[in-house]
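Peer 1:
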Amino acid sequence: MQPLDLRVDGGEESWHAEPSFAVRWRNPASDPAVAAVHYRLLDPDGTAALAESRIGWATTSIQPLTVPSIPGAYRAEIWLEDAAGGVGEPVSVVLRFDDAAPGPVGPLPVPGWISRNAFPLTLRLSPAGGVEPLAGIRGYAASLDLAPEGSPCADALTCSEAETNLLGAASRTLTVNDLPEGTSYLHAVAVSGSGIRSAEVGSTALRVDETDPVTTLAGVPDGWSNRPLRLTVTATDSGSGMEASGSGGPLTAIRVDDGAPVVAEGDAISATVIESGAHTIAYYARDAAGNVDDGGTANGHRNHDPERVVARVDREPPRAAFANSQDPADPERIEAHVADALSGIDPHRGSIAVRPLGSGGSFAALPTENVDGVLCARWDSGASPPGEYELRAVAYDRAGNATVTTTRSNGSSMRLQAPLKTETRLSTSLGGNSHRVLPYGGRVALDGRLIAGRHTPLVGAPVTIVERFAEGAQTAQRATEVDTGTGGRFHLLLRPGPTREVLAVAGATRTLRGASSGPLRVEVRGGVRLKASARVAKVGGAPIVFSGRVLGMPAASRAAGTPVELQFSLPGVPWSEFRTVRANRWGRFRYAYRFADDDSRGVRFRFRAFVPPQAGWPFEPAGSAPVTVIGR
Numbered sequence: 001m002q003p004l005d006l007r008v009d010g011g012e013e014s015w016h017a018e019p020s021f022a023v024r025w026r027n028p029a030s031d032p033a034v035a036a037v038h039y040r041l042l043d044p045d046g047t048a049a050l051a052e053s054r055i056g057w058a059t060t061s062i063q064p065l066t067v068p069s070i071p072g073a074y075r076a077e078i079w080l081e082d083a084a085g086g087v088g089e090p091v092s093v094v095l096r097f098d099d100a101a102p103g104p105v106g107p108l109p110v111p112g113w114i115s116r117n118a119f120p121l122t123l124r125l126s127p128a129g130g131v132e133p134l135a136g137i138r139g140y141a142a143s144l145d146l147a148p149e150g151s152p153c154a155d156a157l158t159c160s161e162a163e164t165n166l167l168g169a170a171s172r173t174l175t176v177n178d179l180p181e182g183t184s185y186l187h188a189v190a191v192s193g194s195g196i197r198s199a200e201v202g203s204t205a206l207r208v209d210e211t212d213p214v215t216t217l218a219g220v221p222d223g224w225s226n227r228p229l230r231l232t233v234t235a236t237d238s239g240s241g242m243e244a245s246g247s248g249g250p251l252t253a254i255r256v257d258d259g260a261p262v263v264a265e266g267d268a269i270s271a272t273v274i275e276s277g278a279h280t281i282a283y284y285a286r287d288a289a290g291n292v293d294d295g296g297t298a299n300g301h302r303n304h305d306p307e308r309v310v311a312r313v314d315r316e317p318p319r320a321a322f323a324n325s326q327d328p329a330d331p332e333r334i335e336a337h338v339a340d341a342l343s344g345i346d347p348h349r350g351s352i353a354v355r356p357l358g359s360g361g362s363f364a365a366l367p368t369e370n371v372d373g374v375l376c377a378r379w380d381s382g383a384s385p386p387g388e389y390e391l392r393a394v395a396y397d398r399a400g401n402a403t404v405t406t407t408r409s410n411g412s413s414m415r416l417q418a419p420l421k422t423e424t425r426l427s428t429s430l431g432g433n434s435h436r437v438l439p440y441g442g443r444v445a446l447d448g449r450l451i452a453g454r455h456t457p458l459v460g461a462p463v464t465i466v467e468r469f470a471e472g473a474q475t476a477q478r479a480t481e482v483d484t485g486t487g488g489r490f491h492l493l494l495r496p497g498p499t500r501e502v503l504a505v506a507g508a509t510r511t512l513r514g515a516s517s518g519p520l521r522v523e524v525r526g527g528v529r530l531k532a533s534a535r536v537a538k539v540g541g542a543p544i545v546f547s548g549r550v551l552g553m554p555a556a557s558r559a560a561g562t563p564v565e566l567q568f569s570l571p572g573v574p575w576s577e578f579r580t581v582r583a584n585r586w587g588r589f590r591y592a593y594r595f596a597d598d599d600s601r602g603v604r605f606r607f608r609a610f611v612p613p614q615a616g617w618p619f620e621p622a623g624s625a626p627v628t629v630i631g632r
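Here the sequence shown is numbered in my numbering, starting from 1 and rising by one per residue.
Structure, rendered in structure tokens:
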């Protein structure tokens, strides 16, 4: 009679970290029945480690069954006793106990910094040191975190199967797909077959820098440069840094167009761009971790593309030349054509200037426009003394290069004879005279002629007749346009008005110089009217009322009142003033005169109103028609 299905919790091949075991079996059905259980414990060498013991009932387990505290593979023997006192043969089971800790594990250090191209990263552990436990090495527990004093296992003595993430004594390699930037820590322990971990945690620091250096480029202007460019690249890196450390360490590079890059160890590099043209500048840097944005590939990864800018150099001046000839329809328009193959013409700069030929003096600048590569100026040649002149054009490209020319496109010197426009002459008259006196409201005809050069009449040309009125007139000036007809002649009937100066003006054209006539004078006598209330005056009787009106009073005179002299005359006697009155704002005046002298009886008197010369009166002095009054 023997125990059936004898076993130990965890299995016979399993090592236990604790000396207490649970042994279980099944008792057979027998007659007589099982009445007691006998057991004993043998050392690994087969000697008794525990004296024979008897359990006086038919139990099916022993727990705990404690082995000595010395690691080893012990054997427990179990046999049965029936009710008649008979005993069966013993059956045994192995109890494996090992509480020895494996030796320390050293994670192999990763020298330097880890770049983004280093992933996936392989981390390796050294074998457990010291004497291997009887239970052997189940595997290794490894973890990654940010704590320098971390541990891969929660318990200070053991590691669970879940925590033992590298199974097998030879499994000492860990693959990591990514890590946060900065410093992380790899912690590792060896785990024995019974789950006991190394007493000490092995750790190593992992410094990660996945970010490219920050590069800046100095020396590239916004536009074009007319001199070589000295370009300087500087790099900074807040992680692994840019301190030079040899050929495999940090570097800074710059490349011009498709040429080979210029490289320098450390955080700065300079290069000079000399040739004219638009150059593509690429620049990049590599930090101490190996991050580099050169656009290449490393460890199966493509690096970021480098920074690029365009640097423009134009060291050649533009080309400029005056037009081969003047435009017959506009001879005073001066043109110089400018071209530049690289940076192009600066539209905001450029000038044309002139000076007398052979003078050696300074050029006088002309107002110049720059439109679509053409410098254009206008020279008022008639304002300069007659003679030969030379012209100069200065043009600029966008890079600031200047060119100066005094020649035409055909290579001849740019010289012009002033004046460039044809001279014109303008003559006028007032019916063959230069001076006319008119009554108030009178008209006069103005005749004139416009010719070019010596004898060429100008037909259909506009002429402006300007009348400049005397001081005090309601209108200071009047202008009337007429056109010349056959023979260059023109005619205008001047409208009534105050005393004035008259002249004709012909404006300049693109080909003709302007002209003006000499002044003509038109004097206009003032207008005044007078009437008497009766033709016969009774001496000592009712007064005679003289009334009248001043015509064409200007506004100033209306406000002040125009003085009017009342005059009388006897046959053979000059006019004499007997009273001065002032006209009201409408030009009207009135005066009552009583004949009181007996000598006036039978006398035939003549009376008139006279407006004398005065400031602000735009007419010539004038009197009214006489009025006759007989005294009785």
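Yeah, the Cβ is synthetic: ideal placement off N, Cα and C, and Gly gets one too.
Note that this is a predicted model, so its numbers are computed, not measured.
When we look at the beta-carbon of Glu369 and count the other beta-carbons within 10 Å, is it buried (16 or more) or exposed?
Peer 2: Position 369 of the sequence shown, counted from the start, is the residue given in the question as residue 369. Answer is exposed; the Cβ neighbour count stays below 16.
Peer 1: Nearest-angstrom Cα distance between Gly616 and Leu375?
Peer 2: Here residue 616 corresponds to residue number 616 of the sequence shown, with the count starting at 1. Here residue 375 corresponds to residue number 375 of the sequence shown, with the count starting at 1. Cα-Cα distance, rounded: 53 angstroms.
Peer 1: From Gly572, Val573 and Leu566, pick the residue whose C-alpha is nearest to that of Thr580; which is it?
Peer 2: Numbered from 1 along the sequence shown, position 580 holds the residue referred to as residue 580. Restricting attention to Gly572, Val573 and Leu566, the CA atom closest to the CA of Thr580 is found in Leu566.
Peer 1: With which residues is Tyr440 paired in a DSSP beta bridge?
Peer 2: The residue given as residue 440 occupies position 440 in the sequence shown. Per DSSP, Tyr440 has no beta-bridge partner at all.
Peer 1: Which whole-angstrom value is the C-beta distance of Thr405 and Ala321, which I expect to be below 8 angstroms?
Peer 2: Numbered from 1 along the sequence shown, position 405 holds the residue referred to as residue 405. Numbered from 1 along the sequence shown, position 321 holds the residue referred to as residue 321. Going by Cβ atoms, the distance from Thr405 to Ala321 rounds to 6 angstroms, so yes, they are a contact pair.
Peer 1: Can you tell me where the beta strand (DSSP E) holding Ser600 begins and where it ends?
Peer 2: Against the sequence shown, residue 600 aligns to sequence position 600. Unbroken run through Ser600: none, as it is neither H nor E.
Peer 1: Quick check on Trp586: buried or exposed, where buried means 16 or more other Cβ atoms within 10 Å of its Cβ?
Peer 2: Looking up residue 586 in the sequence shown gives position 586. By the neighbour-count rule (16 or more Cβ atoms within 10 Å), Trp586 is not buried but exposed.
Peer 1: Per the DSSP calculation, Leu426 is bridged to which residue(s)?
Peer 2: In the sequence shown, the residue the question calls residue 426 occupies position 426. In the DSSP output, where bridge partners are listed per residue, Leu426 has Leu450.
Peer 1: Among all the DSSP beta bridges, which residues are the ones paired with Phe546?
Peer 2: For the purposes of this step, residue 546 is taken as residue 546 along the sequence shown, with counting starting at 1. Residue pairing for Phe546: DSSP places it in a beta bridge opposite Ala532 and Tyr591.
Peer 1: State yes or no: is the C-beta of Ala36 within less than 8 angstroms of the C-beta of Ile62?
Peer 2: Taking the sequence shown and counting its residues from 1, the one referred to as residue 36 is at position 36. Taking the sequence shown and counting its residues from 1, the one referred to as residue 62 is at position 62. For Ala36 and Ile62, no; Cβs fall outside 8 angstroms.
Peer 1: In the DSSP assignment, find the beta strand (DSSP E) that holds Thr183 and state where it starts and stops.
Peer 2: Here residue 183 refers to the residue found at position 183 when the sequence shown is read from its first residue. Segment Gly182 to Ser192, the beta strand (DSSP E) holding Thr183.
Peer 1: Do Asn291 and Pro213 have their beta-carbon atoms positioned less than 8 angstroms apart in this structure?
Peer 2: Working through the sequence shown from its first residue, we reach residue 213 at position 213. Working through the sequence shown from its first residue, we reach residue 291 at position 291. In contact: Pro213 and Asn291 (Cβ atoms closer than 8 angstroms).
Peer 1: Is the stretch 124-135 close to the stretch 88-107, with three or more CB pairs under 8 angstroms?
Peer 2: yes
Peer 1: Between Gly552 and Val611, what straight-line distance do the alpha-carbon atoms span, to the nearest angstrom?
Peer 2: Residue numbering aside, residue 552 sits at position 552 when the sequence shown is read from its first letter. Residue numbering aside, residue 611 sits at position 611 when the sequence shown is read from its first letter. Rounded to the nearest angstrom, the two C-alpha atoms are 12 angstroms apart.
Peer 1: Under 8 angstroms between the Cβ atoms of Pro621 and Thr499?
Peer 2: Position 621 of the sequence shown, counting from 1, holds the residue named residue 621. Position 499 of the sequence shown, counting from 1, holds the residue named residue 499. Result no, Cβ atoms of Pro621 and Thr499 do not sit closer than 8 angstroms.
Peer 1: Where does Ala199 land, buried or exposed, given buried means 16+ other C-beta within 10 angstroms?
Peer 2: Translated into positions along the sequence shown, residue 199 becomes position 199. The residue in question, Ala199, is exposed, as its Cβ has fewer than 16 Cβ neighbours within 10 Å.
Peer 1: Please state whether the Cβ-Cβ distance between Gly246 and Asp287 is less than 8 angstroms.
Peer 2: As a position in the sequence shown, residue 246 is number 246, starting the count at 1. As a position in the sequence shown, residue 287 is number 287, starting the count at 1. For Gly246 and Asp287, no; Cβs fall outside 8 angstroms.
Peer 1: Between Arg582, Met414, Tyr396 and Phe589, which lies nearest to Asn226 when the distance is taken from Cα to Cα?
Peer 2: Counting from one through the sequence shown, the residue named residue 226 turns up at place 226. Out of Arg582, Met414, Tyr396 and Phe589, Tyr396 has the C-alpha closest to the C-alpha of Asn226.
Peer 1: Quick one: residues in its chain with C-beta nearer than 8 angstroms to the C-beta of Arg443, no 5 flanking neighbours on either side, listed in chain order?
Peer 2: On the sequence shown, residue 443 is found 443 positions in, with the first residue counted as 1. Cβ neighbours of Arg443 beyond the five flanking positions: Leu493, Leu494, Arg495 and Pro496.
Peer 1: Counting Cβ pairs closer than 8 angstroms, one from the stretch 472-485 and one from the stretch 385-404, do we hit at least three?
Peer 2: no
Peer 1: For a test of the three-state rule: what should DSSP assign to Gly488, helix, strand or coil?
Peer 2: Taking the first residue of the sequence shown as position 1, residue 488 is located at position 488. In the displayed model, Gly488 falls within a helix according to three-state DSSP.
Peer 1: Please list the segments of the beta strand (DSSP E) lying wholly inside the stretch 308-389, counting only runs of 3 or more residues, in order along the chain.
Peer 2: 319-322, 333-339, 351-356, 364-366, 368-371 and 374-378
Peer 1: Which value, in whole angstroms, describes the spacing of the CA atoms of Gly382 and Leu420?
Peer 2: Counting from 1 along the sequence shown, the entry for residue 382 is found at position 382. Counting from 1 along the sequence shown, the entry for residue 420 is found at position 420. C-alpha of Gly382 to C-alpha of Leu420: approximately 7 angstroms in a straight line.
Peer 1: Check whether the stretch 305-312 and the stretch 329-337 are in contact - that is, three or more C-beta pairs closer than 8 angstroms.
Peer 2: A contact between stretches requires three or more CB pairs, one per stretch, nearer than 8 angstroms, and the stretch 305-312 fails this requirement with the stretch 329-337.
Peer 1: I need the DSSP call for Ala504, collapsed to helix, strand or coil.
Peer 2: Residue 504 sits at position 504 when you count from the first residue of the sequence shown. DSSP places Ala504 in strand when its eight states are reduced to three.
Peer 1: Could you spell out where the beta strand (DSSP E) holding Phe97 opens and where it closes?
Peer 2: As a position in the sequence shown, residue 97 is number 97, starting the count at 1. Residue range Val91 to Phe97 is occupied by the beta strand (DSSP E) that includes Phe97.
Peer 1: Straight-line CA distance for Ala642 to Ser192?
Peer 2: One cannot answer for residue 642 here, as it falls past the ends of the chain, which runs 1 to 632.
Peer 1: I need the boundaries of the beta strand (DSSP E) containing Pro462, first residue and last residue.
Peer 2: For the purposes of this step, residue 462 is identified with residue 462 of the sequence shown, where counting begins at 1. Per DSSP, Pro462 belongs to the beta strand (DSSP E) from Pro462 to Phe469.
Peer 1: Can you pull the DSSP bridge partners for His435?
Peer 2: The residue you call residue 435 lines up with position 435 of the sequence shown. Partner(s): Arg521.
Peer 1: So, at 6 angstroms on beta carbons, what are the nonlocal neighbours of Ile630 in its own chain, with the 5 sequence-adjacent residues on each side left out?
Peer 2: Your numbering for residue 630 matches position 630 in the sequence shown. For Ile630, where only same-chain residues beyond five positions count, the Cβ hits under 6 angstroms are Val536 and Arg604.
Peer 1: Would you tell me roughly how many angstroms separate the C-alpha atoms of Gly623 and Ala542, rounded to the nearest one?
Peer 2: For this step, residue 623 is matched to residue 623 along the sequence shown. For this step, residue 542 is matched to residue 542 along the sequence shown. Those two C-alpha atoms are separated by around 26 angstroms.
Peer 1: Identify whether Arg116 lies in helix, strand or coil by the three-state DSSP scheme.
Peer 2: Taking the sequence shown and counting its residues from 1, one reaches residue 116 at position 116. The answer is helix: DSSP assigns Arg116 an H, G or I state.
Peer 1: In its own chain, which residues sit with a C-beta less than 8 angstroms from the C-beta of Arg319, not counting the 5 before and 5 after it?
Peer 2: As a working note, residue 319 is residue 319 in the sequence shown. Around Arg319: Val338, Ala339, Asp340 and Thr403.
Peer 1: Can you tell me whether DSSP reads Arg510 as helix, strand or coil?
Peer 2: Indexing the sequence shown from 1 puts residue 510 at position 510. If DSSP states are grouped into helix, strand and coil, Arg510 belongs with coil.
Peer 1: Rounded to whole angstroms, what is the Cα-Cα separation between Ala609 and Leu570?
Peer 2: Position 609 of the sequence shown, counted from the start, is the residue given in the question as residue 609. Position 570 of the sequence shown, counted from the start, is the residue given in the question as residue 570. Note on geometry: alpha-carbon atoms of Ala609 and Leu570 lie some 15 angstroms from one another.
Peer 1: How do the stretch 88-98 and the stretch 150-162 stand: do at least 3 beta-carbon pairs fall below 8 angstroms, yes or no?
Peer 2: no
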